[in-house]
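Student:
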Amino acid sequence: MIANYHTHTWRCMHATGTEREYVENAIQGGLQILGFSDHTPMPYPNGYVSPLKMRLDQLEDYVTTVHSLKKEYENDIQILLGLEVEYYPAYFHNLLTITRAYPFDYFLLAQHFLGNEINDVNSALPTQSEVALKRYCMQCLEALETGCFTYLAHPDLFYFVGDDAVYEHHMRMLCQGAKELNIPLEINFLGIWDHRHYPNLKFWEIAGQVQNTVVFGADAHQPEKVWNPQALKTAKNIVNTFHLHLTDTVTLRSPKIS
């Protein structure tokens, strides 16, 4: 593993450590590329504040801090500036208008909620609803079709506990869509070391059949997790078991007005 594009900062309110600590740990682990992709602020209406994202008034500091480290460590590691973004149709155009003022290298898609988040389905909570599963897959595909996203983070985040055949049907459409768009899917290390419901082996069996390209993502919320040998070993086993096409690096897609 030479690159990790999925790294958070303290601004999201559920990560710890300084940006410099993440960089130093990445260098120690032998990474050649470190991408910061903290949870994006969103232009929510009516003063709503998400408890899991940086605020809009923190965006400038985020960009400045990452770019300062990028210059300082340019001889040691390539540092990239990104965001982990939900695709919320009601806010997405406004978000792109805000972020185009900054030199972002990429967005990662991570659909933690459906719809526009407020009063809608949390993708990480167990459900037997086929309607919600279909909405998740369709919303992810709609997002990927904008051309703004470099890869789909933890695509198996949606916690469906219903019929396996229903899961296979909808997730196969998501995998096929990502393949047609040449967008990699992430095997997520946070899910591995935190013993979450993902990586979901049923999903990765489907991805193997579709022959999706996959990438590893640390999803680091603590500096020491930016490089995790045990998670790497488990992720490699998933790749080998399901004959997945692993890429060490990805082609960055610059976010743009769609």
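Using this note's numbering, read the sequence shown as starting at -19 and increasing by one per residue. Beta carbons: idealized from backbone N, C-alpha and C, even for Gly.
Just verifying my parser: in three-state terms, what is the DSSP assignment at Phe196?
Tutor: For the purposes of this step, residue 196 is identified with residue 216 of the sequence shown, where counting begins at 1. Strand, per DSSP.
Student: Would you please state the rounded distance, in angstroms, between the beta carbons of Tyr146 and Tyr(-15)? I believe it to be under 8 Å.
Tutor: Counted from its first residue, the sequence shown places residue 146 at position 166. Counted from its first residue, the sequence shown places residue -15 at position 5. Checking the sequence shown, residue 146 turns out to be Val, not Tyr. 31 Å between Cβ atoms; not a contact.
Student: Below 8 Å, can you find three or more Cβ-Cβ pairs linking the region 144 to 164 to the region 106 to 118?
Tutor: A contact exists between the region 144 to 164 and the region 106 to 118.
Student: Taking the continuous alpha helix (DSSP H) assigned at Asn5, which residues delimit it?
Tutor: Position 25 of the sequence shown, counted from the start, is the residue given in the question as residue 5. Residues Glu(-1) to Gln8.
Student: Does the Cβ-Cβ distance between Glu243 and Asn5 come in under 8 Å?
Tutor: For the chain, the structure presents residues -19 to 238; residue 243 sits outside this window and is missing.
Student: With DSSP collapsed to three states, give me the class of Thr130.
Tutor: Residue mapping note: residue 130 aligns to position 150 of the sequence shown, counting from 1. DSSP places Thr130 in coil when its eight states are reduced to three.
Student: His47 lies in the alpha helix (DSSP H); which residues open and close that run?
Tutor: For this step, residue 47 is matched to residue 67 along the sequence shown. Leu39 to Glu52 is the extent of the alpha helix (DSSP H) around His47.
Student: Let me know the secondary structure DSSP gives Asn217 once reduced to three states.
Tutor: Indexing the sequence shown from 1 puts residue 217 at position 237. Three-state DSSP puts Asn217 in a helix.
Student: Span of the alpha helix (DSSP H) holding Asn248?
Tutor: It is not possible to answer for residue 248, since the shown part of the chain is limited to -19 through 238.
Student: If distances are taken between C-alpha atoms only, which option among Ala104, Leu113 and Arg(-9) comes closest to Lys33?
Tutor: By 1-based counting over the sequence shown, the position of residue 33 is 53. Nearest option by C-alpha distance: Arg(-9).
Student: Do you know offhand how far Ser48's Cα is from His223's?
Tutor: Working through the sequence shown from its first residue, we reach residue 48 at position 68. Working through the sequence shown from its first residue, we reach residue 223 at position 243. One C-alpha to the other measures close to 40 Å.
Student: Can you name the start and end residues of the alpha helix (DSSP H) that Asp18 belongs to?
Tutor: Taking the first residue of the sequence shown as 1, we reach residue 18 at position 38. Per DSSP, Asp18 belongs to no alpha helix (DSSP H); it is in the beta strand (DSSP E), Ile13 to His19.
Student: Report yes if the C-beta distance between Leu11 and Tyr2 is below 8 Å; otherwise report no.
Tutor: Along the sequence shown, one-based indexing puts residue 11 at 31. Along the sequence shown, one-based indexing puts residue 2 at 22. Going by C-beta atoms, Leu11 is not nearer than 8 Å to Tyr2.
Student: Which of helix, strand or coil does DSSP assign to Phe222?
Tutor: One-based indexing of the sequence shown puts residue 222 at position 242. Residue state, collapsed to three classes: helix.
Student: Mapping DSSP to helix, strand and coil, what is Val141?
Tutor: Within the sequence shown, residue 141 is the residue found at index 161, counting from 1. In the structure shown, Val141 sits in coil (DSSP, three-state: anything other than H, G, I, E or B).
Student: Might you give, ordered along the chain, the residues of its own chain that have their beta carbon closer than 7 Å to the beta carbon of Ile172, omitting 5 neighbours on each side?
Tutor: The residue given as residue 172 occupies position 192 in the sequence shown. The residues are Pro179, Ala211, Thr214 and Ala215.
Student: For a quick check, are the C-beta atoms of Leu61 and Leu89 less than 8 Å apart?
Tutor: Sequence index remark: in the sequence shown, residue 61 carries index 81 (1-based). Sequence index remark: in the sequence shown, residue 89 carries index 109 (1-based). Contact flag unset, no.
Student: Shortest alpha-carbon distance to Thr227 belongs to which of Glu54, Gly197 and Met153?
Tutor: The residue given as residue 227 occupies position 247 in the sequence shown. Selected option, being the one with the closest Cα: Gly197.
Student: Taking the beta strand (DSSP E) that Ile167 belongs to, which residues open and close that run?
Tutor: The sequence position of residue 167 within the sequence shown is 187, counting from 1. Counting along the chain, the beta strand (DSSP E) containing Ile167 begins and ends at Leu165 to Asn168.
Student: Quick test of your reading: Phe93 and Ser109, contact by CB under 8 Å. State the CB separation rounded to the nearest angstrom.
Tutor: The sequence position of residue 93 within the sequence shown is 113, counting from 1. The sequence position of residue 109 within the sequence shown is 129, counting from 1. That belief does not hold up - the Cβ atoms of Phe93 and Ser109 are roughly 14 Å apart, past 8 Å.
Student: Can you give the Cα-Cα distance for Phe138 and Glu40, rounded to whole angstroms?
Tutor: Position 158 of the sequence shown holds residue 138. Position 60 of the sequence shown holds residue 40. Each residue's Cα considered, the two are about 31 Å apart.
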